[in-house]
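Participant: According to my numbering, the stretch in the sequence shown is residues 11 to 350, in order.
To start, I am sharing the structure in question, which I have written as structure tokens.
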Amino acid sequence: MNSNQIYMQQALTKAWHYQLRTYPNPAVGCLVLYRGEIIALEAHQRAGTSHAEILALLSAYERISNQKIAFDRFDAHEAHAFLYALPKGFFGECTVFVTLEPCSHVGKTPSCASLLSHIQPKKVIIATLDPIDGHGGGADRLKREGIEVESGVCEEEALALLEPFLIWQKRAFVLFKIAQTSNGKIGGGYLSSPASLKHVHQLRAVCSEMIIGGNTVRVDRPTLDCRFTGDQAPDVVIYSRRDDFDRAIPLFGVPNREVVITDQLEFSKPSFVLVEGGGGMLNALKEQVDWLLQYQTPTLSSHPLSYEVECRLEFIKVEQCEVDCRIWSRLVQHKEKLCP
Numbered sequence: 011m012n013s014n015q016i017y018m019q020q021a022l023t024k025a026w027h028y029q030l031r032t033y034p035n036p037a038v039g040c041l042v043l044y045r046g047e048i049i050a051l052e053a054h055q056r057a058g059t060s061h062a063e064i065l066a067l068l069s070a071y072e073r074i075s076n077q078k079i080a081f082d083r084f085d086a087h088e089a090h091a092f093l094y095a096l097p098k099g100f101f102g103e104c105t106v107f108v109t110l111e112p113c114s115h116v117g118k119t120p121s122c123a124s125l126l127s128h129i130q131p132k133k134v135i136i137a138t139l140d141p142i143d144g145h146g147g148g149a150d151r152l153k154r155e156g157i158e159v160e161s162g163v164c165e166e167e168a169l170a171l172l173e174p175f176l177i178w179q180k181r182a183f184v185l186f187k188i189a190q191t192s193n194g195k196i197g198g199g200y201l202s203s204p205a206s207l208k209h210v211h212q213l214r215a216v217c218s219e220m221i222i223g224g225n226t227v228r229v230d231r232p233t234l235d236c237r238f239t240g241d242q243a244p245d246v247v248i249y250s251r252r253d254d255f256d257r258a259i260p261l262f263g264v265p266n267r268e269v270v271i272t273d274q275l276e277f278s279k280p281s282f283v284l285v286e287g288g289g290g291m292l293n294a295l296k297e298q299v300d301w302l303l304q305y306q307t308p309t310l311s312s313h314p315l316s317y318e319v320e321c322r323l324e325f326i327k328v329e330q331c332e333v334d335c336r337i338w339s340r341l342v343q344h345k346e347k348l349c350p
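Structure below.
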């Protein structure tokens, strides 16, 4: 592994911290190198706010100038205006590593490629060019402005990071979340650490809808809100043949939420669908699930409940989440169905 790959791996790791939380945007990380020293490492955090490159450049400004910015760094328009106004050549000794080609189009936020063209860093290194039709062109624009550009550094890893984004351009991206002990037990109340519980609520806050099995609703009587983050709770689809639910179950009382009870699920609409449930639910939906997100606790349990399901997984990313292990996996049979 060469030095560029090492730097890019750090940008990729940073982006994984916000995987899916940027929906409907992709997860993107950015690192800034100045005179051989890493001075900024940032990631895009939420759709409609500053992109990874902008956050990294603001952090780089603070390190180079030894001054703190006095505005909301997540306000993309104010951040762009501030960076445009800096003296010419301020970032001239910087190399920018970014996991996805800087955007050349203008949407809810200004173009990152336009800003980079203006500030003229020494070099921009890109993990992968933007694979979405009509979204590319950022690298070519930088080259036309005389900036050295290199692409394809850690491209395979960058495309794995982008996979949910690419899927939800065409249909629903379906994530099945589970929490279990290190010996695969799932019963006995909360298993996950506070950091893992907060992460689940961050995903709930941005998903298009949540799906949960009818038996889980009847037995666990969940709320399925976002109380650990303070965000609006997601709409819920209860997958069940019978509508015999006690309406006093907390999930029915969450304000501004739609609850649908159905035995027919549809995944053709571009969206991010979060599924929570037990082994029966995973067995029922494993042909539709794209990724599995597993929160594994550092405990062993004698509880009888576990996921009684057979499927092959391909680990994509393993992270530490406080004391828990957070494992992102691809269902192999689903991958083979998509890519014969």
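Every residue, glycine too, gets a C-beta built ideally from N, C-alpha and C.
What you are looking at is a predicted structure, and each value in this text was computed from that prediction instead of being measured.
How big is the Cα-Cα spacing for I48 and F262?
Facilitator: Position 38 of the sequence shown, counted from the first residue, corresponds to residue 48. Position 252 of the sequence shown, counted from the first residue, corresponds to residue 262. C-alpha separation (whole angstroms): 49 Å.
Participant: For E167, name the three-state secondary structure that DSSP assigns.
Facilitator: Residue numbering aside, residue 167 sits at position 157 when the sequence shown is read from its first letter. Residue state, collapsed to three classes: helix.
Participant: Alpha carbon to alpha carbon, how far is A215 from V246?
Facilitator: For the purposes of this step, residue 215 is taken as residue 205 along the sequence shown, with counting starting at 1. For the purposes of this step, residue 246 is taken as residue 236 along the sequence shown, with counting starting at 1. For A215 and V246, the distance between alpha carbons rounds to 12 Å.
Participant: List the endpoints of the continuous alpha helix (DSSP H) containing K208.
Facilitator: As a first step, residue 208 must be located in the sequence shown, where it is residue number 198. Looking at the DSSP string, the run of the alpha helix (DSSP H) that includes K208 is 204-216.
Participant: Rounded to whole angstroms, how far is the Cβ of V38 from the Cβ of H54, which I believe are closer than 8 Å?
Facilitator: Here residue 38 corresponds to residue number 28 of the sequence shown, with the count starting at 1. Here residue 54 corresponds to residue number 44 of the sequence shown, with the count starting at 1. Between H54 and V38 the Cβ distance is about 5 Å, and since that is below 8 Å, they are a contact.
Participant: List the whole-angstrom C-beta distance separating Q306 from D334, where the pair is believed to meet the contact cut-off of C-beta under 8 Å.
Facilitator: Counted from its first residue, the sequence shown places residue 306 at position 296. Counted from its first residue, the sequence shown places residue 334 at position 324. With 8 Å as the limit, Q306 and D334 qualify as a contact, their Cβ atoms being about 6 Å apart.
Participant: Mind checking whether G197 and H313 have CB atoms under 8 Å apart?
Facilitator: In the sequence shown, residue 197 corresponds to position 187, counting from 1. In the sequence shown, residue 313 corresponds to position 303, counting from 1. Yes.
Participant: In terms of residues, what are the limits of the beta strand (DSSP E) holding C104?
Facilitator: By one-based count along the sequence shown, residue 104 stands at place 94. Its beta strand (DSSP E) spans residues 104-110.
Participant: Determine the direct distance from the alpha carbon of S311 to that of L30, and round the result to whole angstroms.
Facilitator: Residue 30 sits at position 20 when you count from the first residue of the sequence shown. Residue 311 sits at position 301 when you count from the first residue of the sequence shown. The alpha-carbon atoms of L30 and S311 are separated by roughly 30 Å.
Participant: Taking the alpha-carbon positions, what's the W26 to E167 distance?
Facilitator: In the sequence shown, residue 26 corresponds to position 16, counting from 1. In the sequence shown, residue 167 corresponds to position 157, counting from 1. Their Cα atoms are separated by approximately 11 Å.
Participant: Between which two residues does the alpha helix (DSSP H) containing C122 stretch?
Facilitator: Locating residue 122 in the sequence shown gives position 112, where the first residue counts as 1. Start and end: 122-129.
Participant: Can you list, in chain order, the residues of its chain with a C-beta nearer than 7 Å to that of S121? Leave out the 5 residues immediately preceding and following it.
Facilitator: To locate residue 121, count along the sequence shown from 1; it is residue 111. Excluding residues within five positions, the ones whose Cβ falls inside 7 Å are C113, S114, H115.
Participant: Looking at the unbroken alpha helix (DSSP H) that takes in F92, where does it start and where does it end?
Facilitator: Residue numbering aside, residue 92 sits at position 82 when the sequence shown is read from its first letter. F92 -> alpha helix (DSSP H) spans 86-94.
Participant: The beta strand (DSSP E) with S316 in it runs from where to where?
Facilitator: By 1-based counting over the sequence shown, the position of residue 316 is 306. Taken as a continuous stretch (DSSP letters only), S316 belongs to no beta strand (DSSP E), as it is neither H nor E.
Participant: Alpha carbon to alpha carbon, how far is T32 from Q179? Give it in angstroms, no decimals.
Facilitator: Locating residue 179 in the sequence shown gives position 169, counting from the first residue. Locating residue 32 in the sequence shown gives position 22, counting from the first residue. One C-alpha to the other measures close to 14 Å.
Participant: Would K132 pass as a contact of G102 if the rule is Cβ separation under 8 Å?
Facilitator: Along the sequence shown, one-based indexing puts residue 132 at 122. Along the sequence shown, one-based indexing puts residue 102 at 92. Yes; because the gap between Cβ atoms is below 8 Å, this pair is in contact.
Participant: Among the candidates H90, L152, L22, whose CA atom is the shortest distance from the CA of A354?
Facilitator: Past the edges of the chain, shown from 11 to 350, lies residue 354, and the structure says nothing about it.
Participant: Measure the Cβ-Cβ separation of F325 and V184 and say whether it is below 8 Å.
Facilitator: As a working note, residue 325 is residue 315 in the sequence shown. As a working note, residue 184 is residue 174 in the sequence shown. For F325 and V184, no; Cβs fall outside 8 Å.
Participant: Mind reading off the beta-carbon distance from E332 to A205? Whole number of angstroms is fine, and I expect it under 8 Å.
Facilitator: For the purposes of this step, residue 332 is identified with residue 322 of the sequence shown, where counting begins at 1. For the purposes of this step, residue 205 is identified with residue 195 of the sequence shown, where counting begins at 1. Confirmed, Cβ separation roughly 4 Å.
Participant: Is it the case that the CB of G240 approaches a heavy atom of the ligand GTP more closely than 7 Å?
Facilitator: Absence of the ligand GTP from the depicted structure is noted, as is the absence of any ligand whatsoever, leaving it without description.
Participant: Specify, as a first and last residue, the run of the alpha helix (DSSP H) that A161 falls within.
Facilitator: Residue mapping note: residue 161 aligns to position 151 of the sequence shown, counting from 1. The amino acid occupying residue 161 in the given sequence is Ser; Ala does not appear at that position. Counting along the chain, S161 falls outside any alpha helix (DSSP H), though it belongs to the beta strand (DSSP E) covering 158-161.
Participant: Can you grab the Cα-Cα spacing for the pair D235 / H211, in whole Å?
Facilitator: Locating residue 235 in the sequence shown gives position 225, where the first residue counts as 1. Locating residue 211 in the sequence shown gives position 201, where the first residue counts as 1. In a straight line, the C-alpha of D235 is about 7 Å away from that of H211.
Participant: Suppose you measure from the CA of E155 to the CA of S218; what does that come to, to the nearest Å?
Facilitator: Start at 1 with the first residue of the sequence shown, and residue 155 comes out as number 145. Start at 1 with the first residue of the sequence shown, and residue 218 comes out as number 208. Computed Cα separation, rounded: 40 Å.
Participant: Given that a residue counts as buried once 16 or more other Cβ atoms are within 10 Å of its Cβ, and exposed if not, what is A2?
Facilitator: For residue 2 there is no data in the structure shown, the boundaries of the chain being 11 and 350.
Participant: Suppose you measure from the CA of S370 to the CA of P174; what does that come to, to the nearest Å?
Facilitator: The structure shown does not extend to residue 370, since the chain is modelled only from 11 to 350, so the question has no answer here.
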